[in-house]
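Chains as they are written, first to last, in my numbering: chain L, 1 to 409; chain Y, 1001 to 1602.
We put the beta carbon where it would ideally sit given N, CA and C, even for glycine.
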């Protein structure tokens, strides 16, 4: 194992440059969609620009830290973030239906952003212990508890999108740690079955057959697995009921995803306008500040979850693909660490970060181009939001820090 | 993690799985972007333009109506219309606006409700013909009442004559019409509802212009699209030229003041209407603006039924004016000639009934029978002709069918024949005695004044005329050149000799010792026939049909005065005044040399 001193090999530009590209696109898109607006929104660009500069510095200082540092702060950070999540339930500010914001004067901060990193770090720390095995039911239960605690708190904040993100990266970490993949399927099946049931009875039946086959293969866990299977059957039969307890706007989003033209002026409006914005961009786009969908505000709150449509409209196919390419590059670079990571801890942290960034990327762009229902989660590095950019940059800083110590193979 | 576990996945495989998920998703998304942005770009581009580019219609100027000498009969004037754009309007403020504009409480809400199914960005009219003080008030209070707006609209004005039943009026387009013609009209557009406004809608409407503007997602105007280069100017509608003579029409309308009835004057050679009156008239200018509810109610409840077009829709027996038709039928069928003498002892007995004449005329031929309007002559004559022959001649002159004048409000009337009586009373349920009244234009015969006018015109022009029409053509834009409409010719194939005989009788009615000598004019000989139709519901209806000059008719007129009395007393003098008005104007004009005549012949 040889550690070279040149910055070139220690600092991974294949992650840093796509990161800068994304941040640049973000600032351009925020500028384009907000400067002509009136009210506090008009200052979004300047706020975000300040955060962007700050983020680059923070990314660099996180990169400078050693792996031991992250390990040592993981538990206190986790506890701190849980406290903040509880605090937010008590004194939080409600924005867009979710009581997930803590307000410090002009800056609003989502503790769930911090909790994301803290949970990844602490869960990884816990699982990196060689004596811990997910085949051991007690250990499995413990690690599920570490992961599920923030999820429950975030669900209580009414922020379904973010709790989805947690579940996804927890599964990614479990997968990497070696949880039986069949059990992963079974564990995740309640979520998947609900998703499948949105598309009708046939996908549900196919899915139930897959689970049944999985269960037969999964003899060691037959008791847990049977319970889960029974839960699935109940879930699929009582889907209508479950669907009804979803809040009205979530329900609408699902219905609208399945058929957006059914309600073009109402809930389907966003999906249609976002698609129109992106589709009308063409190869080269309409040009910076020239997208009529954007400039004339046909997409509501475009600088947040639908920011990809600004890029699609004003920068066209070239810009849109460049964003996808940047994400693909960052994610594949992170995946490199799965093999070359210096330790089990850094491997699990990497896969956690990979998991949540991938899920954000997959869902956000998927919903903008009409391949996924509208789930209100932002596009990392691109959507407006100072604290989100800050914590995403910290996450990338952690990855870059791991790159310092990576093992050459 | 036991390596013996059959579900153990090696690290490099796990890594590869995650890496390839990223790559595959990226490729799928790139393909979808290619599909949206490259393949379907045009579709979405159009959609996005439709989003933000709105065409604001500019109403065209409606064509005006000119009389035969190109003098204005129906003009346009600018008026203010107060409108509300429902999308921006706060209904709770409606009562303040209603108070300021003198509208009834709840009017605005009522209008908003009726237009609910349309886009809330289409303005709806709440007050038309608003006085300037209303507009000033709106301007002052604009910011308190978002969605309240006004526009300048063209409305009809009628500077010289009333002409209510022939001009007709406009109404806001109905939902049904809108569905049929949605490419031309939009909600709130006015459309010809009756009269020639309706018939010639396509000519006088013009074409809407469009101003293209860029709007944002809340439909607020941001600017003009492409600097207005794509805007379309509205096209003015064609100006119609009517056969009506303004001065003749005016006199006819004046003579009918206080009377109920109708008068139609036709130029026999062309079928053009020179005057068209149905009395009482109503005030069209009150229709062209927002139909005032009080005025509307007064029209509806008026016992004289002013909205009823008597010229084309009132049907009554024509009385003695119909004797000409019987005479023509008899002469043409050869059952009599001009020398055939029928004796009039003062009454005619059929079965056990006696039918009276207004005097004992002794031995009369057809000419004198017409001159003196001898009933007995015609009682006897109809038996010689026969019912079905008589009905056949009636139809040749347009009775029992629509004249197809260029307004749609018209009825057919009734000419009874054997088939009709069989149907009505059964094969043996009627007798030849029914014919007696028909001979003098009474009984189950019913005609409109319009039909009588056409009949007179055909007689005047010796059996030939054209389908009667109010409008003769339209002006070629920017010129005085008339583009004529063409109308079918009417031909009766009745011999000139027959016309010569009956016309001699008609001449004597006025200029001999006939029933209308009181209207004799030394310079313009009128020929005609009086009629007094018995009316079971009230006083007799007065009729006079006539043409002038008798030897070379330029004008054929039918005049009907409801419940007035004798035709000679009530109807004939009106005809005299109308003829006088016409020839007074034309005495110095050498008709045949004017350009109007030339273009008409084209």
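Item: Candidates Y:1506, Y:1556, Y:1525 and Y:1485: closest to residue 1464 (chain Y) by CA position; Value: Y:1556
Item: CB of residue 1044 (chain Y) within 9 Å of CB of residue 276 (chain L), strictly; Value: yes
Item: Selection from Y:1324, Y:1190, Y:1426 and Y:1263 that minimises the alpha carbon distance to residue 1372 (chain Y); Value: Y:1324
Item: Within 8 Å of chain L by C-beta, residues of the segment 1031 to 1059 of chain Y in sequence order; Value: 1032, 1033, 1034, 1036, 1037, 1038, 1040, 1041, 1043, 1044, 1045, 1047, 1048, 1049, 1051 and 1052
Item: CB contact check: residue 1014 (chain Y) to chain L, cutoff 9 Å; Value: yes
Item: Own chain, CB closer than 8 Å to residue 293 (chain L), minus 5 neighbours either side, in chain order; Value: 273, 276, 277, 280, 299, 309 and 313
Item: Sub-9 Å separation of residue 1565 (chain Y) and residue 1516 (chain Y) beta-carbons; Value: no
Item: Residue 281 (chain L) - DSSP class collapsed to helix/strand/coil; Value: coil
Item: 9 Å Cβ cutoff, residue 1026 (chain Y) in contact with chain L; Value: yes
Item: Exposed unless 16 or more other CB atoms sit within 10 angstroms - verdict on residue 1128 (chain Y); Value: buried
Item: Backbone secondary structure at residue 375 (chain L) - three-state DSSP; Value: coil
Item: Residue 1161 (chain Y) beta carbon less than 9 Å from that of residue 1253 (chain Y); Value: yes
Item: Residue 1427 (chain Y) versus residue 1387 (chain Y): straight-line alpha-carbon distance, rounded; Value: 15 Å
Item: Positions along the segment 344 to 371 of chain L whose CB lies within less than 9 Å of some CB in chain Y; Value: 347, 351, 354, 355, 358, 361, 362, 365, 366, 369, 370 and 371
Item: Beta-carbon proximity check, residue 1075 (chain Y) vs residue 1246 (chain Y), cutoff 9 Å; Value: no
Item: Sub-9 Å separation of residue 1521 (chain Y) and residue 1576 (chain Y) beta-carbons; Value: yes
Item: Local Cβ density within 10 Å of residue 1091 (chain Y), reported as buried at 16 or more and exposed below that; Value: exposed
Item: Distance CB(residue 1527 (chain Y))-CB(residue 1511 (chain Y)) smaller than 9 Å; Value: yes
Item: Residue closest to residue 1317 (chain Y), alpha-carbon to alpha-carbon, out of Y:1240, Y:1385 and Y:1439; Value: Y:1439
Item: Near-chain L residues of the segment 1228 to 1239 of chain Y (beta-carbon distance less than 9 Å), N- to C-terminal order; Value: none
Item: Check whether residue 1121 (chain Y) and residue 1146 (chain Y) have beta carbons under 9 Å apart; Value: no
Item: Option nearest residue 118 (chain L) by Cα separation, candidates L:401, L:395, L:399 and L:406; Value: L:395
Item: Contacts of residue 278 (chain L) in chain Y (Cβ-Cβ under 8 Å); Value: 1033, 1036, 1037 and 1044
Item: Through-space distance from residue 1113 (chain Y) to residue 1018 (chain Y), alpha-carbon basis; Value: 59 Å
Item: Length of the line joining the Cα atoms of residue 114 (chain L) and residue 1030 (chain Y); Value: 32 Å
Item: Contacting positions in the segment 299 to 328 of chain L - beta carbon closer than 9 Å to chain Y; Value: 299, 300, 312, 313, 316, 317, 320, 321, 324, 325, 327 and 328
Item: Bridge partner(s) assigned by DSSP for residue 1469 (chain Y); Value: Y:1272
Item: Residue-chain proximity (residue 189 (chain L), chain Y), Cβ-Cβ < 9 Å; Value: no
Item: Residues sharing a beta bridge with residue 1261 (chain Y), DSSP; Value: Y:1279 and Y:1561
Item: Test: residue 1085 (chain Y) CB closer than 9 Å to a CB of chain L; Value: no
Item: Chain L within 9 Å of residue 1009 (chain Y), Cβ atoms only; Value: yes
Item: Through-space distance from residue 1012 (chain Y) to residue 90 (chain L), alpha-carbon basis; Value: 45 Å
Item: Length at least 4, wholly inside the segment 4 to 43 of chain L: the alpha helix (DSSP H) runs in chain order; Value: 7 to 10 and 13 to 34
Item: Whole-angstrom distance between residue 1022 (chain Y) and residue 389 (chain L), CA atom to CA atom; Value: 21 Å
Item: Between the CA atoms of residue 347 (chain L) and residue 132 (chain L) - distance to the nearest angstrom; Value: 15 Å
Item: Closer than 9 Å to chain Y by CB, residue 378 (chain L); Value: no
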